[in-house]
Amino acid sequence: MIVLRALKKIYQLFVRFAVGLVFGFAFTGGGLLILSETAWPMLVDWHSMQKWQPTNAFLLNVSGGSNYIKARYQYQFNGRSYSGNRVYVAEVNDNIGSYHKYLFARLKKEEGSNEPIIVWVDPQNPEQSVIDRNMRWGLFTLESVFCSIFIVIGLLIAYASIRSEGKKTYPGPPSLSELRKEWEQKLDDPHFGDSFIAYKNRRLCDFEESSYLATENDKKPATKIEPLKTNWRDRYGWKTSSIRSTSASRTLLIWLVGLFWIGITSPALIVIPDELGKENYAVLLVLLFPLVGLFILYKAVVKTLEYQRFGNVVFKMDPYPGAIGGHIGGTVHVSQLSHGVATDQAASLAVRLECVYSYVPKTGKNRSRQETITWCEEGAPKIEPLSSGVNLIFRFDVPDNLPESDIKQSGSYHFWRLTIKSDIQGADLDREFNIPAFHSREASRTVKYDISAQGVIRKQQELEVIKDSISQGDFDVPGLSRAMRFRIEGDGIYLFFPMLRNRLLSLILAIFSGGFGLAGYSILGSAFTGGWIGILLGLFSVPFVLIAVIAIIGFVFLTFNSLRVDITPDQISVLRRLLFFPVYWRQLPVSDISHLELKCSGSTSGQGKKTEHFRILIHDNLGNKMAIAEDIDGREVATHFCQYLRCRLNLKPDNKSNDTDVPC
């Protein structure tokens, strides 16, 4: 049995290693192959042609089209006659710009005039000649960038596959569907009484603690027992209780990413004027790529203006380090923020404390670093005026069951983040601090302003308002009103989820599908030039086209689908449309309904906050299900709305439903 497990492990490692190398070297080899047939020989030939000598030649015939020119000509060099047929430096056909159009027109005119033309001859080998020895730098840049992208992607894939074999992998947190299956299996145990939410929170906490311990244990050599904690003050930025923000490094990184993106995409703009002249308006999609770079540069400018306005912002911790099980807080000194601006009625200041689990998933397609918010709390600080600026004073009461800050912060780890945000006149304050926090019951010595107590009261008040509004049939509350329109007439409830209710996600899908579609279209267009390079380009276009098709389908459905739900005391009618065409319609008697299910359909993050989105599904007695509400923002809102619908339908609570049992 042990031998079989070992063989299985070796086989899995070999497959992962081999697949990574094959795909990596396929991309790299393809890029190098195309480079060796396009940009590289063009550069070499252009460099050597600068030493060639001019001589007169007579055109015999000229032919061509929008992407090529053919010509035959005769010339004399050192008293001997030669014939040539090379027209320009590039030896690959292309339709970039109007180069062929103007050169063909000039050669045709000179052919009819019977006047000699100038050609350039290699003095070392007079049989080699060319009419135009000028370099087409736009074409050269496009070919170089195109090949370089494939080479870099291939090397990164190969490197990632090799690197992953020498490192121990850690799985990401279990998904909600996996947790729900576990929970449903445990319901068979009569001694098990946890709700799904309680079970999910406990399992995620257990996972994060086990992942943290596994990561820490793997960092220790097998032959040496190290102390539980190394000197955490050795970490950069933690030497004293005055913690500086990471704004400068983040701003520099955004600038570098934006400039790099603009650098690799802006050469594509060369082709736009000529293609528009040919009425090829699809080429305007090329603008999407530089626009992304411009948006990144815009964010870099915003961060730079913010940094110039507020300068260095320092967080003086009290206690130091932060105490998990006690207090985390202190004073943030903003020397260039006046008390009048900070306390203006239209202004707002918020402090957010987060315990974050950072990891790179080792399974699935997405291997980029991800974050899971283990715990967070937010509130408004106390604003203390100073002769130069203000102090923002606050403290949080932190539970004692949370993980400590990882000192090295590599691999999978936890860290604590403090964020200061403002909405004020001019550039807004936006700073983050990576702070040390360890288990301790130490309390703040100087700070009495407790944000945690305020947060509990405020959240309870907000939830009570939402609960009361929904229970009275008023659905015009945050979380419901964004995507849902409603009407109540007598005993009937009429819900409508219109098209374009997810505009931001639709825009992202449009850019994504447009970019991949344009790339696939451009590569396919070049593939029709023929030859084995055309076949290779055709193969390269396949993944771009497939991704574009899938993204377009997702964009069309997400943007143009609508849902109408009519709920009466006797039955429920559900109609799904795509544009104005019905794609799904069903009527279900209320007596055939088994229970309601609240299901998380995804989450989005913005402004440091994570928002979960939910659907409400109806299950009938035969096990079929259908959606009667979707795109609800926030668990509390979705739970209360689900309870309201259950009460209106006179359904009994079901132990397989995620919503909490509340009397109707």
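Plus 1098 on top of the position in the sequence shown (first one is 1) and you've got this note's numbering.
The beta-carbon is built from N, C-alpha and C at its ideal position, and this holds for glycine as well.
Under the three-state reduction of DSSP output, residue 1687 falls in the strand class.
Among the bridge pairs identified by DSSP, residue 1719 is matched with none. Between the alpha carbons of residue 1517 and residue 1617 lies a gap of roughly 39 Å. In this structure, residue 1432 and residue 1411 form a Cβ contact; the two beta carbons are roughly 6 Å apart against a cut-off of 8 Å. If you keep only unbroken beta strand (DSSP E) runs of at least 3 residues inside the stretch 1391-1467, you get 1412-1415, 1420-1422, 1425-1432, 1446-1457. For residue 1642, same chain residues with a beta-carbon under 7 Å away, outside a window of 5 residues either side, are 1614, 1617, 1618, 1621 in chain order.
Scanning the stretch 1132-1195 from its first residue to its last, the whole beta strand (DSSP E) runs of 3-plus residues come out as 1151-1162, 1167-1175, 1178-1182.
Spanning the alpha carbons of residue 1130 and residue 1253 requires a straight line of approximately 11 Å.
Taking 7 Å as the cut-off, the beta carbon of residue 1595 is found closer than this to the beta carbon of residue 1661. Judged by DSSP secondary structure, residue 1197 falls within the alpha helix (DSSP H) whose first and last residues are 1197-1211. Sequence-distant partners of residue 1206 (beyond 5 residues in either direction) whose C-beta falls short of 6 Å from its own C-beta, in its chain, are 1160.
DSSP places residue 1678 in the coil class of the three-state scheme, outside both helix and strand.
Listed as beta-bridge partners of residue 1590 by DSSP are 1587. Three or more beta-carbon pairs drawn from the stretch 1217-1234 and the stretch 1167-1187 are found closer than 8 Å, and the two stretches are therefore classed as touching. A Cβ-Cβ separation of about 12 Å leaves residue 1362 out of contact with residue 1394 under the 8 Å criterion.
Distance from residue 1505 to residue 1441 at the Cβ level is roughly 38 Å; contact not present, criterion being Cβ atoms closer than 8 Å. Look at the beta carbons and you see the stretch 1410-1426 touching the stretch 1542-1549: at least three pairs across the two are nearer than 8 Å. If the five residues before and after residue 1571 are omitted, its C-beta is found closer than 6 Å to the C-beta atoms of 1586, all from its own chain and listed in chain order.
Checking the DSSP bridge columns, you'll see residue 1491 partnered with 1429, 1480. With respect to residue 1413, residue 1531 sits close: the two C-beta atoms are nearer than 7 Å. Cβ contact annotation for residue 1690 (same chain, cutoff 6 Å, sequence separation greater than five): 1718, 1719, in chain order. Residue 1405 is a Cβ neighbour of residue 1345, given a cutoff of 7 Å. Here residue 1124 carries a helix assignment [DSSP, helix/strand/coil].
The residues 1454, 1456, 1503, 1504, 1507, 1532, in chain order, have a CB closer than 7 Å to that of residue 1513 in the same chain once the five nearest residues on each side in sequence are set aside.
As DSSP reads the structure, residue 1533 sits in a beta bridge with 1514. Here residue 1415 has 1339, 1341, 1428, 1533 as same chain residues with Cβ atoms under 7 Å from its own Cβ, once five neighbours each way along the sequence are excluded. In this structure the stretch 1278-1285 does not touch the stretch 1158-1175; the number of beta carbon pairs closer than 8 Å is below three.
Rounded to whole angstroms, the separation of the alpha carbons of residue 1200 and residue 1210 is 16 Å. Minimum Cα-Cα distance from residue 1213 among the listed residues 1236, 1697, 1158 corresponds to 1158. A straight-line Cα-Cα distance of about 25 Å links residue 1194 and residue 1127. At the C-beta level, residue 1713 and residue 1728 come within 7 Å of one another. Where residue 1664 is concerned, the enclosing beta strand (DSSP E) starts and stops at 1659-1665.
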